[in-house]
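In this note's numbering, the protein residues as written are 62 to 347. Virtual Cβ for every residue (Gly too), placed ideally from N, Cα, C. Here the structure is a predicted model, which means the values were calculated and not measured. Quick notes on the structure that follows.
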Amino acid sequence: MITGSTGVIALIGDPVEKSLSPAIHNSAFNSLRLNYVYVAFRVPREALPKAVEAVKTLGLVGLNVTIPHKVSIVDLLDTLEKSASTVGAVNTVKNEGGKLIGYNTDGRGAVEVLEERVGSLAGKNVLLLGAGGAARAIAFALAERGACLTIANRTVGRAKELSVGLERKLGVKPKVTGIKPWMLAGVLKGADILINATAVGMYPRTKETLVTSKMMHPNLTVFDIVYQPPYTRLLREAREAGAKTITGLEMLVRQAALSFEIWTGKQAPLEVMRQTAWRLARRWRF
Ligand SMILES: NC(=O)c1ccc[n+]([C@@H]2O[C@H](COP(=O)([O-])OP(=O)(O)OC[C@H]3O[C@@H](n4cnc5c(N)ncnc54)[C@H](OP(=O)(O)O)[C@@H]3O)[C@@H](O)[C@H]2O)c1
């Protein structure tokens, strides 16, 4: 029951209407009988400073932050925890007595899901597609775990920038390439893991993929962080090639669980959160 002492956590972004996060978090709060509620607010780009101020004014417990605010919120917070400062982007905020602390759970969420499926990432050859916000978070988390990274991006300059940033902050310099099929096919021959962190394959362009079955091999693990739909064309191609597959819905749940733990200090009920995400995702029609 919502009472005068219920802690409020909000998602801010634009758009937010179709987000699974309110359902995932509220099911977790209910299952542990925690006195929190999670709501979504559509906050246009120009309204971000006022929204951040409101977190303090209204005494919200914290925030999830999504497109288009993950980078621009950085300068509006009081401090950044290492996960956010290395990446330069925030997806979780905790209000500690009026002091707003930024975190990023995307990278750790992704690598924890991968580690569960393939074990240690140290020394694994990983081809990461993308150099946007999510790819950056994942690249840092992979590099911290000793993976051997190649970054491929449509705009090669962005991949180079990311590689230079990794070298400056972590002392590792991933290889960089474009996304032409022959370029990706060459790297994939020696790859253990392929991660798609681009928007390719996401609704409404569900027929698109940067990699087809002919370019993959059965010893590959293919992780598509796109989760609308949960089984993208890339994952279907991977299955055809006999490769292992991981859907982005698993990362969504894992990064949500890490945010939950930051806000509440309690272990997240991962299975409850996963079941809620899948129940809603199964209702999607693409
Ligand atoms: N599962 C999860 O928990 C989770 C979490 C975060 C994000 N995501 C998903 O990850 C995807 C990327 O999100 P983001 O926040 O990183 O977005 P972003 O910052 O806008 O980056 C988009 C990336 O996709 C590439 N891209 C877009 N359209 C492309 C095309 N037609 N061909 C080739 N490359 C293309 C961009 O390349 P350029 O640099 O060349 O533009 C860039 O690398 C989205 O689908 C998002 O829903 C999932």
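Answer yes if the segment 313–322 comes into contact with the segment 332–339, meaning at least three C-beta pairs across the two stretches below 8 Å, and no otherwise.
yes
Taking Cβ positions, are V237 and A220 nearer each other than 8 Å?
yes
Is any heavy atom of ligand 1 found at a distance shorter than 7 Å from the C-beta of G168?
no
Taking its Cβ as the centre, do 16 or more other Cβ atoms sit within 10 Å of K160, making it buried, or is it exposed?
exposed
Indicate, with yes or no, if ligand 1 has a heavy atom lying under 7 Å from the CB of G309.
yes
Boundaries (first-last residue) of the alpha helix (DSSP H) holding G214:
A small correction: the amino acid at residue 214 is Asn; Gly does not occupy that position in the sequence shown. Note, N214: premise wrong, no alpha helix (DSSP H); not H, not E.
Indicate whether T270 and E301 have their beta-carbon atoms separated by less than 8 Å.
no
Is any non-hydrogen atom of ligand 1 found closer than 7 Å to the C-beta of A213, if you look at the structure I gave you?
no
How about C209 and G184: do their beta carbons lie closer than 8 Å?
yes
Backbone CA spacing between Y264 and F347 [nearest angstrom]:
7 Å
Quick one: is the Cβ of R219 within less than 7 Å of any heavy atom of ligand 1?
yes
Counting only beta-carbon separations shorter than 8 Å, does V113 have a partner in chain C?
Of the protein chains in the structure, only one exists, and it is not chain C.
What would DSSP say about E157, mapped onto helix, strand or coil?
strand
Terminal residues of the continuous alpha helix (DSSP H) containing T147?
K143 to V148
With distances taken between CB atoms, is the gap from N186 to G251 smaller than 8 Å?
yes
On the DSSP bridge list, what partners appear for R315?
Partner(s): none; R315 has no beta bridge.
Heavy atom of ligand 1 within 7 Å of M312 beta-carbon:
yes
Reference I199; option with closest CA among M276, I286 and Y99
I286
Considering Cα atoms alone, identify which of L109, G191 and T306 is closest to T127.
L109
Helix, strand or coil: how does DSSP classify L227 here?
helix
With DSSP as the reference, label R344 as helix, strand or coil.
coil
What residue range is occupied by the uninterrupted alpha helix (DSSP H) comprising K111?
L109 to L119
Taking 8 Å as the cut-off, decide whether the C-beta atoms of A89 and P330 are in contact.
yes
Among all the DSSP beta bridges, which residues are the ones paired with K275?
Per DSSP, none; premise fails for K275.
Taking the alpha carbon of V116 as the reference point, which residue from A71, F321, N96 and V174 has its own alpha carbon closest?
A71
Can you list, in chain order, the stretches of the beta strand (DSSP E) that have 3 or more residues and sit fully within the segment 280–325?
282–285 and 305–308
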